[in-house]
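Visitor: So that we are looking at the same thing, I have put the structure below in structure tokens.
Residue numbers (my numbering), protein chains in the order written: chain A, 128 to 560; chain B, 976 to 1431.
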């Protein structure tokens, strides 16, 4: 679907806030459900208690429901940022506002960033008014910095959060353990990617052993492990297949190792980066390994990414690999996953597959697709009303709903904008608020 | 065949000065001057496109005629004569994209430390270094930028220093040496940097500057020295006193005071821009553009009144304190105020899609009722960029007599689905999306990349 670029402003005023306890019907829009029903024209979505009660055409609006006329508009599921540090990083270069990398050796796989999450971060309103309703928050990959903070090979636990104002911010806690391979893995291991793989293998073997011999270990009647108890606990559900493992890897040879490890340990594996994943599209599909890519990174930024290209998303999706966007759109610029998706479409990816990659695909990767990712009965009502094609950069959400609540379409950026759009110069701008 | 030929626009004084430089060697070129020669071209007519001229005009169903490396005519129904005809029906044509802020070649791909040649971060004033002496012409980023429609760019030193050194404007053509890429006659830039970077880099070493006031003292002291150097040179020329020993650092700064080198000032915060403008007034030089001007929207009128361009990203914010107030409407507010607005990249990825970055602004502006039509937004990465670089007399718009630096797009360049189809530099086809055989491939890509003849 390619809609003509809109050059005029049509701002819908959705004055009434939709309280989650009431019933709301949104009528008349083209709805991209990203579910089995596909795209519905002139459809109605009924929201009850924050959930989608019904979606379809020819649906009767329940008596007493608040009705939002979205005729001529487009509705998609809320967008899902598949990777990043929203709520863990306020200002990139201000150390005290960053909680996604640790210093020292106390934790590896068990480093749980969810406890540092700040739901009042200014990055959240900025992200959600552009459509981001759910996000993975994860330890950040990074080499040792000036403070000595550094990622580990096993760098910690990632969680899924919702960006609304009310309710528990955690959609699902501890969905994955993040692992650094490639050049970063080499840098934080013993200077070789082989060392990173050995460290990972040892930890996974320890987790399997710990699971079988937990009682003996706790009695002090068992061997020492390479990682702490908290780390072993985090890894048990990984080797049991209940918790994913996210591997930061770009080079084809590193991706081949991931495929091998996934098979060997029965891991639910996700690649983040995946610059050369297109070279292994069929192998990844066969191994059921998902890939999170940056839709615009097409340069050999290092020797791990020599074969980076813009067609990766299309090639992977066509081969049947589950794809999400996010590698280059983390944290402050999570909102730009629509740009990644749009560029992937421009370079061969099916439009519906690209929309799925920023909605349902990450929800499936992290085991929350029963809750979010598509517009289906029973799921949380995370919705976006768009004026035009959501992948066009000239488009913007006119209203965003998270868990059925229409969020305030305001951020500190819109406040700054509104202050400086005024041209009254009698008093300094500080008086305009 | 009758083609209206219009006299080439008069070149700026800077160009004449450059042409008169002394010291030409056996190949006729002065040391450090451009050895660029346009690639072979044929007279070509691009027919039936939507043309954004870069001057603020949009012409539907129009033709563009190029011959001898120059734009000959733009308009509907031009006579094709015996020219090579390109059917551009359904396509859009703009001036070639110009990026005023790139580090291609000085921070090339792959970004290994052996290639890290963009920041001479050894002293707060390194006005003596020239970015062109660091450019690696084999950077695959140049080719990727070409596929994004980029025909010219300024390569700048980094921002660690108060005075980072001279920037160089290049034509985006493959060259064995940087001299073969240098935009003929383009003035040098001087990279200056405000704010966090210099004070962090030097303050963390326990040296000056460690504060913003230290930054300002550093700029002012340097300009005092440059002014003194200039005066001594002028006096010696008149036979009064001995000429000082040639000093590369002071020579660059004196070039600014003489109006020959354009100041490109990395500066995020509105209040710091005001301070930098006062320094420029104190020492009587001109700031061509503030780069990364994240807060320019707060002082749009001040920038317009001082004839300073604001070169910005569409939406970068939050990565450091001085970028905390970045908003997507920055360019919209500047443009509305009549301030010279420039979309820049500072990124090997971003340079490939300055059109898309501008589209973000169009969308953000529409949200608050500001209509920015394509013919207006296109100026941000064409004619306004050319103005900031001092090359607007010869490129940056589709006007007869200008260099035929032209990008043909598959559709509206502000759609995310649109791609550059063909790129012409001085009338020569240097990129054709549908004929990879004509496109350049860097030495680096040969044998390393499965996409460019390497083993898979």
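We treat Cβ as the ideally placed atom computed from N, Cα and C, and that holds for glycine.
Residue 1111 of chain B by DSSP, collapsed to three states: which one?
Guide: As a position in the second chain, residue 1111 of chain B is number 136, starting the count at 1. Of the three classes helix, strand and coil, the one that applies to residue 1111 of chain B here is coil, per DSSP.
Visitor: Can you tell me the Cα-Cα spacing of residue 415 of chain A and residue 451 of chain A, whole angstroms?
Guide: What you label residue 415 of chain A is simply residue 288 of the first chain in a count that begins at 1. What you label residue 451 of chain A is simply residue 324 of the first chain in a count that begins at 1. Roughly 14 angstroms separates the two Cα atoms.
Visitor: Based on Cα-Cα distance, which residue from A:380, A:326, A:361 and A:554 lies nearest to residue 371 of chain A?
Guide: Numbered from 1 along the first chain, position 244 holds the residue referred to as residue 371 of chain A. Looking at the Cα atoms, A:361 is the closest of the given residues.
Visitor: What in chain A is Cβ-close to residue 1304 of chain B, meaning under 7 angstroms?
Guide: The residue you call residue 1304 of chain B lines up with position 329 of the second chain. Ordered by position in chain A, the residues that pass the 7 angstroms Cβ test against residue 1304 of chain B are 544.
Visitor: Buried or exposed: where does residue 425 of chain A fall if 16 or more other Cβ atoms within 10 Å of its Cβ makes it buried?
Guide: Start at 1 with the first residue of the first chain, and residue 425 of chain A comes out as number 298. Residue 425 of chain A should be labelled buried.
Visitor: What span of residues does the beta strand (DSSP E) with residue 452 of chain A cover, start to end?
Guide: Indexing the first chain from 1 puts residue 452 of chain A at position 325. Per DSSP, residue 452 of chain A belongs to the beta strand (DSSP E) from 450-452.
Visitor: Could you list which residues in chain A have their beta carbon closer than 8 angstroms to that of residue 1388 of chain B, in chain order?
Guide: Counting from one through the second chain, the residue named residue 1388 of chain B turns up at place 413. By Cβ distance, chain A contributes nothing, its closest Cβ being about 10 angstroms from residue 1388 of chain B, past 8 angstroms.
Visitor: Taking the alpha carbon of residue 268 of chain A as the point to measure from, which residue in A:457, A:466 and A:511 has its own alpha carbon closest?
Guide: For this step, residue 268 of chain A is matched to residue 141 along the first chain. That would be A:457, whose Cα lies nearest to the Cα of residue 268 of chain A.
Visitor: So if DSSP puts residue 532 of chain A in a beta bridge, which residue, or which two residues, is it bridged to?
Guide: The residue given as residue 532 of chain A occupies position 405 in the first chain. Paired residue(s): A:529.
Visitor: Look at the Cβ atom of residue 427 of chain A, then the Cβ atom of residue 201 of chain A, and state whether they are nearer than 8 angstroms.
Guide: Within the first chain, residue 427 of chain A is the residue found at index 300, counting from 1. Within the first chain, residue 201 of chain A is the residue found at index 74, counting from 1. Here residue 427 of chain A is not near residue 201 of chain A, since their CB atoms are 8 angstroms or more apart.
Visitor: Taking 8 angstroms as the CB-CB limit, is residue 1177 of chain B close to chain A?
Guide: Along the second chain, read from residue 1 onward, the residue named residue 1177 of chain B stands at position 202. No, residue 1177 of chain B lies away from the interface with chain A (no Cβ there is under 8 angstroms from its Cβ).
Visitor: In terms of alpha-carbon separation, which member of A:237, A:389 and A:290 lies closest to residue 249 of chain A?
Guide: Counting from 1 along the first chain, the entry for residue 249 of chain A is found at position 122. Answer by Cα proximity: A:290.
Visitor: Give the range of the alpha helix (DSSP H) segment to which residue 444 of chain A is assigned.
Guide: Here the question's residue 444 of chain A lines up with position 317 in the first chain. Unbroken alpha helix (DSSP H) run through residue 444 of chain A: 439-446.
Visitor: Using DSSP bridges, identify the partner residues of residue 1022 of chain B.
Guide: Counted from its first residue, the second chain places residue 1022 of chain B at position 47. Partner(s): B:1062.
Visitor: Between which two residues does the beta strand (DSSP E) harbouring residue 150 of chain A extend?
Guide: Along the first chain, one-based indexing puts residue 150 of chain A at 23. For residue 150 of chain A, the uninterrupted beta strand (DSSP E) segment begins and ends at 150-159.
Visitor: Check whether the region 470-478 of chain A and the region 427-445 of chain A are in contact - that is, three or more C-beta pairs closer than 8 angstroms.
Guide: yes
Visitor: Give the interface partners of residue 519 of chain A over in chain B, defined as CB-CB distance under 9 angstroms, in chain order.
Guide: Along the first chain, one-based indexing puts residue 519 of chain A at 392. The answer, in chain order, is 1334, 1338, 1389, 1390, 1391 and 1392.
Visitor: Quick one: what's got a C-beta closer than 6 angstroms to residue 1161 of chain B's C-beta in the same chain, skipping five residues either side?
Guide: For the purposes of this step, residue 1161 of chain B is taken as the residue at position 186 of the second chain. Excluding residues within five positions, the ones whose Cβ falls inside 6 angstroms are 1144 and 1366.
Visitor: Could you check whether the Cβ of residue 151 of chain A sits closer than 8 angstroms to any Cβ belonging to chain B?
Guide: In the first chain, the residue the question calls residue 151 of chain A occupies position 24. Not closer than 8 angstroms to any Cβ of chain B, the Cβ of residue 151 of chain A fails to qualify, so no.
Visitor: Can a CB atom of chain A be found closer than 8 angstroms to the CB of residue 1425 of chain B?
Guide: For the purposes of this step, residue 1425 of chain B is taken as residue 450 along the second chain, with counting starting at 1. So yes, residue 1425 of chain B belongs to the interface.
Visitor: With DSSP collapsed to three states, give me the class of residue 1129 of chain B.
Guide: Here the question's residue 1129 of chain B lines up with position 154 in the second chain. Here residue 1129 of chain B sits in strand by DSSP.
Visitor: If you drop the 5 nearest sequence neighbours on each side, which residues of the same chain put their C-beta closer than 6 angstroms to that of residue 982 of chain B?
Guide: For the purposes of this step, residue 982 of chain B is identified with residue 7 of the second chain, where counting begins at 1. In this predicted model, residue 982 of chain B has a pLDDT of only 37, less than 50, meaning its place in the structure is not dependable; the value taken from the coordinates is given anyway. Answer for residue 982 of chain B: no residue qualifies.
Visitor: Give me the residue from B:1125, B:1065 and B:1258 with the minimum Cα distance to residue 1381 of chain B.
Guide: Mapped onto the second chain, residue 1381 of chain B falls at position 406. The option with the nearest alpha carbon to residue 1381 of chain B is B:1125.
Visitor: Determine, using beta-carbon pairs with one atom in the region 1369-1389 of chain B and one in the region 1083-1091 of chain B, whether at least three such pairs fall under 8 angstroms.
Guide: no
Visitor: Chain A beta carbons: is any one of them nearer than 8 angstroms to that of residue 1184 of chain B?
Guide: By 1-based counting over the second chain, the position of residue 1184 of chain B is 209. Closer than 8 angstroms: no.
Visitor: Mind checking residue 1059 of chain B: buried by the 16 CB within 10 Å criterion, or exposed?
Guide: The residue given as residue 1059 of chain B occupies position 84 in the second chain. By the 10 Å Cβ count, residue 1059 of chain B comes out exposed.
Visitor: Taking the runs of the alpha helix (DSSP H) that are 4 residues or longer, which of them lie wholly in the region 1217-1291 of chain B?
Guide: 1223-1232, 1245-1258 and 1275-1280
Visitor: First and last residue of the beta strand (DSSP E) that includes residue 1299 of chain B?
Guide: On the second chain, position 324 is the one that residue 1299 of chain B refers to. No beta strand (DSSP E) contains residue 1299 of chain B, which DSSP labels as neither H nor E.
Visitor: Against chain A, with Cβ distances strictly below 8 angstroms, would residue 1295 of chain B count as a contact?
Guide: As a working note, residue 1295 of chain B is residue 320 in the second chain. Residue 1295 of chain B counts as touching chain A.
Visitor: Assign residue 1421 of chain B to one of two classes, buried (16 or more other C-beta atoms within 10 Å of its C-beta) or exposed (fewer than that).
Guide: To locate residue 1421 of chain B, count along the second chain from 1; it is residue 446. By the beta-carbon neighbour count (other beta carbons within 10 angstroms, threshold 16), residue 1421 of chain B is exposed.
Visitor: For the region 1080-1096 of chain B, which residues have a beta carbon sitting closer than 8 angstroms to at least one beta carbon of chain C?
Guide: In the structure shown, chain C cannot be found, because the protein chains are A and B.
Visitor: Which one of B:1425, B:1129, B:1358 and B:1374 has the shortest CA to CA distance from residue 1044 of chain B?
Guide: Working through the second chain from its first residue, we reach residue 1044 of chain B at position 69. Closest by alpha carbon: B:1374.
Visitor: State the Cα-Cα distance for the pair residue 1242 of chain B and residue 1265 of chain B, rounded to the nearest angstrom.
Guide: As a working mapping, residue 1242 of chain B is identified with position 267 in the second chain. As a working mapping, residue 1265 of chain B is identified with position 290 in the second chain. If I take the Cα positions, the gap works out to 6 angstroms.
Visitor: Determine the direct distance from the alpha carbon of residue 1377 of chain B to that of residue 1291 of chain B, and round the result to whole angstroms.
Guide: If you number the second chain from 1, residue 1291 of chain B lands on position 316. If you number the second chain from 1, residue 1377 of chain B lands on position 402. Each residue's Cα considered, the two are about 33 angstroms apart.
Visitor: Taking the straight line between their C-alpha atoms, what separation do you get for residue 1067 of chain B and residue 1408 of chain B?
Guide: Numbered from 1 along the second chain, position 92 holds the residue referred to as residue 1067 of chain B. Numbered from 1 along the second chain, position 433 holds the residue referred to as residue 1408 of chain B. Each residue's Cα considered, the two are about 15 angstroms apart.
Visitor: Measuring CB to CB, does residue 320 of chain A end up less than 8 angstroms from residue 233 of chain A?
Guide: As a first step, residue 320 of chain A is located in the first chain; it is residue number 193 there, counting from the start. As a first step, residue 233 of chain A is located in the first chain; it is residue number 106 there, counting from the start. Contact flag unset, no.
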